[in-house]
Amino acid sequence: MSASVEKGINALKGQIDSTVATFFSSCVHCGMCADACLFYTETGCPTRTPIYKAEPLRRIWKSEFTLMGRIGKLLGLTKPVDEACFSRWEKMVYDSCTLCGRCSMVCPAGIDIALLIHKTREGLAAAGHAPQGLIDATRRSVETGGPMGVKLPALLAQIRHVEKDTGLKIPLDVVNADYMLLLSSMEIINFPEFIEAIAKIFNKAKLSWTISTESYEATNSGIQIGVSDIAAELVQRIVDAAEKLQVKTVISPECGHAYMAIRWDGPNLTGKPFNFKVRHILEVLDELRLKGQLKINKKDSRRLTYHDPCQISRRGGVIDQPRHLINLFAENFVEMPDAGKMNWCCGAGGGVSANERADDLRLKVFQRKKDQLDKVKPDAIISACSNCRIHLEDGLEEYNMDIPLMSLTETLAEYLED
Ligand code: SF4
Ligand code: SF4
């Protein structure tokens with residue numbers, strides 16, 4: 168057995184606990200998870216059945232942790248986890264899964280299949296079977312702070328532009344601020360309008376807020392690739408900055424998996440509770456709405472719909488807030504079928520967008536989003552995740568759909584009372 172296979176197997180063994188054992192022993196092989204997954208529904212490929220994507224982990228659980236499996240192993244009857252197995256499952260686990268969690272919602276046995284797939288990634292990554300794009304993004308995150316290699320001078324340059332355009336000061340490294348805003352690299356590079364929108368809204372609401380120049384990146388490649396040590400290190404950088412500035416609340420920006428990483432996985436990764444709150448930007452904006460600090464005086468009469476980012480809505484529970492906010496300005500809001508917690512993934516989360524090899528597949532499975540959109544025929548789509556936004560734009564172009572796409576935060580800033 169090669170050293171890399173041994174490392175992969177050991178990493179899989181390390182993922183097995185009572186939860187994993189209960190999940191695998193509860194599966195009744197009904198196949199219901201298949202119809203919940205866009206990678207199955209849009210390709211019809213049975214190997215893309217969600218629970219099958221966790222097969223390397225199941226094999227290790229069965230052969231090492233069950234009596235029948237051990238006997239089978241002694242008799243040479245169990246299917247091995249070897250180089251060929253890791254090689255085959257690499258594409259199934261990284262290219263054909265966005266960790267969207269939709270399969271977990273339908274399983275009659277209550278199995279969190281997305282969790283099992285995420286744990287399977289830990290074994291694949293340890294065995295050296297992760298996509299190059301994700302490996303590079305993770306290396307850049309460790310070395311420079313972010314997956315796109317965006318360094319502080321680039322952020323400061325964008326901040327200078329925003330300050331010039333808005334006439335507003337962006338507060339940096341303010342000790343004792345109420346809120347510390349995180350940003351995704353995509354917002355810094357592709358959508359600096361988001362920073363501008365925050366500056367306008369927070370200034371109107373007279374919020375005490377800041378950005379840390381020591382830790383501003385929200386995304387966490389360690390979680391996407393499946394290397395917990397790196398994921399924990401990236402979370403710890405945010406914790407250190409928040410503690411140094413003694414802020415009360417850390418704001419996760421318009422990025423789905425970043426919210427999952429810092430709000431829900433974060434304390435588990437670092438091994439202790441945070442001494443600050445974590446809120447998604449939509450939660451903060453909705454709190455401002457409730458306090459009467461978000462005044463909108465423009466209406467949008469177009470037929471608008473909302474794409475729920477999986478990690479924010481389904482896995483994060485932020486479902487009502489965007490709708491309250493949209494209703495501040497939308498006169499003609501329409502829900503897509505399956506909206507909210509059962510929304511269909513855009514097809515590019517969970518590191519798929521960082522994996523060039525998966526480009527054709529993610530565009531193929533966008534057919535599912537197209538079908539949803541075709542049912543309501545919106546004039547414009549609103550969302551709250553930069554990664555969804557980039558991929559939705561790609562998908563709309565691929566399928567010749569001329570529908571504008573709007574960020575919720577940016578739209579609110581645009582419609583803000585003068
Ligand atoms: S988490 Fe989402 S993409 Fe992954 S297998 Fe489940 S339904 Fe499919
Ligand atoms: S839906 Fe649940 S019980 Fe049915 S095959 Fe999938 S994981 Fe197993």
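Counting the sequence shown from 1 gives a position; my numbering is that position plus 167.
We treat Cβ as the ideally placed atom computed from N, Cα and C, and that holds for glycine.
Keep in mind that this is a model prediction, so the values were computed, not measured.
Taking 8 Å as the threshold (C-beta atoms), are H558 and G514 in contact? Within the sequence shown, the letter at position 347 stands for residue 514. Within the sequence shown, the letter at position 391 stands for residue 558. Yes, Cβ-Cβ distance for G514 and H558 is below 8 Å.
Find out if the Cβ-Cβ distance for the pair A580, I368 is shorter than 8 Å. Along the sequence shown, read from residue 1 onward, the residue named residue 580 stands at position 413. Along the sequence shown, read from residue 1 onward, the residue named residue 368 stands at position 201. Contact flag set, yes.
So the beta strand (DSSP E) T233 belongs to, where does it begin and stop? The count along the sequence shown starts at 1 and reaches residue 233 at position 66. First-last for T233: undefined, no H or E at that position.
For Y582, report the span of its beta strand (DSSP E) as first-last. Here residue 582 refers to the residue found at position 415 when the sequence shown is read from its first residue. Element bounds for Y582: n/a, residue is neither H nor E.
Contacting residues, own chain, Cβ-Cβ under 7 Å from Q413 (five flanking each side not counted): Indexing the sequence shown from 1 puts residue 413 at position 246. Cβ neighbours of Q413 beyond the five flanking positions: V342, N343.
Using a threshold of 7 Å, is the CB atom of P545 nearer than that to any non-hydrogen atom of ligand 2? Residue 545 sits at position 378 when you count from the first residue of the sequence shown. P545: no, Cβ never under 7 Å from ligand 2.
Assuming contact is defined by CB atoms lying nearer than 8 Å, are C512 and T265 in contact in what I supplied? Position 345 of the sequence shown holds residue 512. Position 98 of the sequence shown holds residue 265. Against a cut-off of 8 Å, the Cβ pair of T265 and C512 comes out as a contact.
So the candidates are E421, L530, D527, T305; which of them puts its Cα closest to the Cα of P489? Indexing the sequence shown from 1 puts residue 489 at position 322. Here the closest residue by C-alpha is E421.
CA nearest to the CA of A251, picked from V317, S171, N357: As a working note, residue 251 is residue 84 in the sequence shown. Ranking the options by Cα distance to A251, first place goes to S171.
Please classify L575: does DSSP put it in a helix, a strand, or coil? Locating residue 575 in the sequence shown gives position 408, where the first residue counts as 1. Correct three-state label for L575: helix.
Taking the alpha helix (DSSP H) that K542 belongs to, which residues open and close that run? Position 375 of the sequence shown, counting from 1, holds the residue named residue 542. Here the alpha helix (DSSP H) through K542 covers 534 to 543.
Give the DSSP-derived three-state secondary structure of M568 in the structure shown. Numbered from its first residue, the sequence shown carries residue 568 at position 401. Coil.
Roughly how many angstroms lie between the CA atoms of L530 and L241, to the nearest whole one? The residue labelled residue 530 in the question sits at position 363 within the sequence shown. The residue labelled residue 241 in the question sits at position 74 within the sequence shown. Using only the alpha carbons, I get a separation of about 44 Å.
Could you check if F191 belongs to the surroundings of ligand 1, using beta carbon to heavy atom distance under 7 Å? Counting from one through the sequence shown, the residue named residue 191 turns up at place 24. No, Cβ of F191 sits at least 7 Å from all heavy atoms of ligand 1.
Report yes or no: do three or more beta-carbon pairs, one from the stretch 422 to 434 and one from the stretch 530 to 548, lie closer than 8 Å? no
Do I284 and ligand 4 come close, with the Cβ less than 7 Å from some heavy atom? Of the ligands this structure carries, namely ligand 1 and ligand 2, none is ligand 4.
Cut-off 7 Å between Cβ atoms - residues of its own chain near D249, not counting five sequence neighbours on either side: Here the question's residue 249 lines up with position 82 in the sequence shown. Only V172 meet the Cβ criterion.
Whether or not the stretch 337 to 357 and the stretch 263 to 277 are in contact is what I'm after, with contact meaning three or more pairs of Cβ atoms, one per stretch, closer than 8 Å; do they touch? no
What's the call for N435, buried or exposed, on a 16-neighbour Cβ count within 10 Å? In the sequence shown, residue 435 corresponds to position 268, counting from 1. By the 10 Å Cβ count, N435 comes out exposed.
Span of the beta strand (DSSP E) holding S419? Within the sequence shown, the letter at position 252 stands for residue 419. Run containing S419: 416 to 419, per the beta strand (DSSP E) assignment.
From Y219, C274, N370, residue whose alpha carbon lies closest to that of T287: If you number the sequence shown from 1, residue 287 lands on position 120. Of the listed residues, the one whose Cα sits closest to T287 is Y219.
Provide the residue span of the alpha helix (DSSP H) that contains T472, from first to last. As a first step, residue 472 must be located in the sequence shown, where it is residue number 305. From DSSP, T472 is part of no alpha helix (DSSP H) but of the beta strand (DSSP E) over 467 to 473.
Based on Cα-Cα distance, which residue from N387, G181, F441 lies nearest to M315? Walking along the sequence shown from the start, residue 315 turns up at place 148. Cα-wise, what sits closest to M315 is N387.
Just reading off the beta strand (DSSP E) that I549 is part of, what are its end residues? The count along the sequence shown starts at 1 and reaches residue 549 at position 382. 547 to 550 is the extent of the beta strand (DSSP E) around I549.
C200 versus T377 - alpha carbon distance: What you label residue 200 is simply residue 33 of the sequence shown in a count that begins at 1. What you label residue 377 is simply residue 210 of the sequence shown in a count that begins at 1. In a straight line, the C-alpha of C200 is about 43 Å away from that of T377.
Counting only the same chain and skipping the five closest in sequence on each side, list residues whose C-beta sits under 7 Å from that of L319. Within the sequence shown, the letter at position 152 stands for residue 319. Taken in chain order, the residues that qualify are T380.
Segment contact, 8 Å Cβ cut-off, at least three pairs: the stretch 352 to 362 with the stretch 396 to 413: no
Cut-off 8 Å between Cβ atoms - residues of its own chain near F496, not counting five sequence neighbours on either side: As a position in the sequence shown, residue 496 is number 329, starting the count at 1. I463, K465, K466, D467, T578, L579, Y582, listed in sequence order.
Using only CA atoms, which one of I493, D303, F190, N567 lies nearest to A281? Position 114 of the sequence shown holds residue 281. Residue F190 is the option with its Cα nearest to A281.
Would you kindly check if the distance between the Cβ of E354 and the Cβ of D332 is under 8 Å? Stepping through the sequence shown from its first residue, residue 332 is reached at position 165. Stepping through the sequence shown from its first residue, residue 354 is reached at position 187. Taking 8 Å as the Cβ cut-off, D332 and E354 do not qualify as a contacting pair.
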